[in-house]
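Engineer:
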Amino acid sequence: MSALDIFMILRLQIGCLCITVAVAIPFFAIKRTIGFANRLFRFVLLFQFISLAFDMITVCTVNNLYSIPPALNKLFHVIFICSLCLFQYLVFIYIRQLTTEDNRKKVLFAYGVPVIISMLVTALTPLRYEETEYGNYSVGPGATVVYGIVGIYLLMMLFALLRHWKMIDSDKRRIILISLLTEICISLTQSMMPTLLISSLGTTIITLTVYLTIENPDRMLRQLYLEEKLSAEAAKLKIEEIAYTDALTGIMNRRQFLSLAATQIERVMRQKSSAYMIIFDIDHFKEVNDTFGHLVGDKVLKCLAEKVTKAVRPYDLFGRYGGEEFIIFVSDIGLEDVQHHAERLRLAICAEPMVIEDVSLTISASFGVAPVLSNDLDEIIRAADEALYEAKGTGRNKVVFK
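In my numbering, the protein residues as written are 807 to 1208.
1. Shortest alpha-carbon distance to A1171 belongs to which of V927, V1165 and E1196?
2. Taking Cβ to Cβ, would you say L1003 is nearer than 8 Å to L858?
3. Short of 6 Å in beta carbon distance, which residues of its chain neighbour E936, apart from the five on each side in sequence? Order them along the chain.
4. Can you tell which of D1191, L816, T1009 and A1081 has the C-alpha that lies nearest to the C-alpha of P1177?
5. Tell me whether D1143 is buried or exposed, calling it buried when 16 or more other Cβ atoms sit within 10 Å of its Cβ.
6. For G1099, which of A1041, Q1077 and I1162 has the nearest alpha-carbon?
7. Look at the alpha carbon of Y895 and the alpha carbon of A843, and state the distance between them as a whole number of angstroms.
8. Identify which residue in F898, L933, R934 and T938 has its Cα closest to the Cα of P920.
9. Since I1139 and F1124 are thought to touch, with beta carbons under 8 Å apart, how far apart are those beta carbons, to the nearest angstrom?
10. Can we say the segment 1050 to 1065 touches the segment 1141 to 1158, given the rule of at least three CB pairs closer than 8 Å?
11. Going straight from the alpha carbon of S924 to that of T938, what length do you get?
12. Just the Cα atoms here: how many angstroms apart are Y900 and F847?
13. Would F1173 be called buried (16 or more neighbouring beta carbons within 10 Å of its own) or exposed?
14. Can you look up M999 in the DSSP assignment and give me helix, strand or coil?
15. Any heavy atom of the ligand ATP closer than 7 Å to the CB of S889?
16. Going by alpha carbons, who is nearest to L933 out of K880, R980 and D975?
17. Assuming V1114 contacts A1053 under a Cβ cut-off of 8 Å, what Cβ separation, rounded to an integer in Å, is found between them?
18. Excluding the 5 residues flanking L983 on each side, which residues of the same chain have their C-beta closer than 7 Å to its C-beta?
19. A1148 lies in the beta strand (DSSP E); which residues open and close that run?
20. Hey, quick one: how far does the alpha helix (DSSP H) through Y953 stretch, first residue to last?
21. Taking contact to mean at least 3 C-beta pairs separated by less than 8 Å, is the segment 945 to 957 in contact with the segment 989 to 1001?
22. Quick one: is S1079 buried, meaning 16 or more other Cβ sit within 10 Å of its Cβ, or exposed?
23. Throw me the rounded Cβ distance for the V1102 and V1165 pair, which I believe falls under 8 Å.
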């Protein structure tokens, strides 16, 4: 036969080889955690390449019977047939491991017995070659046994898939079922029409199926979409955090505090419960800035915010009102309790010195407290502010109620 005739016979195998290479390149190019499924697929690819290579070699040798030694021709057929059986065995193990973690060597060996049988029968029995106008092909007990064993593995795969249908991921089980039914049809056609030489098409479809179930591009795209969505949501939350949080102290800024306080005041007035507005200001903060610099002053503000955050109740609103002035909204609390609460906050600030850059600073604050008697937020803050100025004008480091 001429080279062109050989090429025409091998065009299907060459196409399958190109597809397998296209699958192998991205699989090996991407760094991944090597699990049992990935190790199996490496061997699936290996025996797919071996099967394709010796499929093409045997097509050439069987069509040149008089120029190839019979022993060499049979050796090539034995390797091809054995690699085909090993391929089916590995794919069966892959489908099986989708539903069980039982990967014991004894169990795996038991399922590999048909492969050993095919090797022995193919090696020990003679092969005959039928010559036809469409091309030559091999026949004999070995070839018959191999077709039977391939059929057995395909039925075992189908049984394992259907038995554990609900346990397997829906995307995986559909594509595996389609590919198995396709290879069953290909194998039946090949067994009835040996000159077609289409067994490589079935193994290539299975190889592509296993790759898709490992990589699962649809799921990867969904995961990518989810990651992008989460990233966008995180960016949105970050923007909101910047918009609502004081950059220096990490507590609520004035805008966010006033917005939440207005909502809480409406609730308090509707429920006719008691609430208070507390404003406090750091005493002699300008002297801290003038003496130690603004960097130390910023750290004082941050440290004070941390102390007060720990001291306020979880449901109190606490924010930076401006400069060294802070504001707190407390609700569902009586007059006596708010007096103790404000005094506890004052002591939390001045009880222990702040050590900043090896400098020990005793910081105190003056507090003004006003009750919430209406929905007028500006009026409430004005009353608390007046109480604060009274505290600063009468000695500082005290709590004054309006």
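All C-beta atoms, glycine included, are put in the ideal place defined by N, C-alpha and C.
Structural biologist: This is what the structure holds:
1. Sequence index remark: in the sequence shown, residue 1171 carries index 365 (1-based). When only C-alpha atoms are compared, the closest one is E1196.
2. Against the sequence shown, residue 1003 aligns to sequence position 197. Against the sequence shown, residue 858 aligns to sequence position 52. It is not a contact, given that the beta carbons lie outside the stated cut-off.
3. For the purposes of this step, residue 936 is identified with residue 130 of the sequence shown, where counting begins at 1. Once the five neighbours on either side are set aside, the close Cβ partners of E936 are Y943 and V945.
4. For the purposes of this step, residue 1177 is identified with residue 371 of the sequence shown, where counting begins at 1. If we check each option's Cα against that of P1177, A1081 comes out closest.
5. By 1-based counting over the sequence shown, the position of residue 1143 is 337. Exposed, by the Cβ-count rule.
6. In the sequence shown, the residue the question calls residue 1099 occupies position 293. Among A1041, Q1077 and I1162, the Cα nearest to that of G1099 belongs to I1162.
7. Numbered from 1 along the sequence shown, position 89 holds the residue referred to as residue 895. Numbered from 1 along the sequence shown, position 37 holds the residue referred to as residue 843. If you take the alpha carbons of Y895 and A843, they lie about 14 Å apart.
8. Taking the first residue of the sequence shown as 1, we reach residue 920 at position 114. When the alpha-carbon of P920 is set against those of F898, L933, R934 and T938, the nearest one is in F898.
9. Within the sequence shown, residue 1139 is the residue found at index 333, counting from 1. Within the sequence shown, residue 1124 is the residue found at index 318, counting from 1. That belief does not hold up - the Cβ atoms of I1139 and F1124 are roughly 14 Å apart, past 8 Å.
10. With a cut-off of 8 Å, the segment 1141 to 1158 and the segment 1050 to 1065 do not count as touching, because too few Cβ pairs lie within range.
11. Against the sequence shown, residue 924 aligns to sequence position 118. Against the sequence shown, residue 938 aligns to sequence position 132. Roughly 26 Å separates the two Cα atoms.
12. The residue given as residue 900 occupies position 94 in the sequence shown. The residue given as residue 847 occupies position 41 in the sequence shown. Cα-Cα distance, rounded: 8 Å.
13. Start at 1 with the first residue of the sequence shown, and residue 1173 comes out as number 367. By the neighbour-count criterion, in which a residue is buried when 16 or more other Cβ atoms sit within 10 angstroms of its Cβ, F1173 is buried.
14. Counting from one through the sequence shown, the residue named residue 999 turns up at place 193. Coil at M999, not helix or strand.
15. Because no ligand of any kind appears in the structure shown, any question about the ligand ATP cannot be addressed here.
16. Within the sequence shown, residue 933 is the residue found at index 127, counting from 1. Ranking K880, R980 and D975 by Cα distance to L933 puts K880 first.
17. Locating residue 1114 in the sequence shown gives position 308, where the first residue counts as 1. Locating residue 1053 in the sequence shown gives position 247, where the first residue counts as 1. With a Cβ gap of about 17 Å, V1114 and A1053 do not count as contacting.
18. Sequence index remark: in the sequence shown, residue 983 carries index 177 (1-based). These residues qualify, in order along the chain: L967.
19. Counting from one through the sequence shown, the residue named residue 1148 turns up at place 342. For A1148, no beta strand (DSSP E) encloses it; the enclosing alpha helix (DSSP H) starts and ends at L1141 to C1156.
20. Within the sequence shown, the letter at position 147 stands for residue 953. That run of the alpha helix (DSSP H) goes P947 to R969.
21. A contact between stretches requires three or more CB pairs, one per stretch, nearer than 8 Å, and the segment 945 to 957 meets this requirement with the segment 989 to 1001.
22. For the purposes of this step, residue 1079 is taken as the residue at position 273 of the sequence shown. Exposed is the call here.
23. Your numbering for residue 1102 matches position 296 in the sequence shown. Your numbering for residue 1165 matches position 359 in the sequence shown. Indeed, because the Cβ distance is near 7 Å, the residues count as touching under 8 Å.
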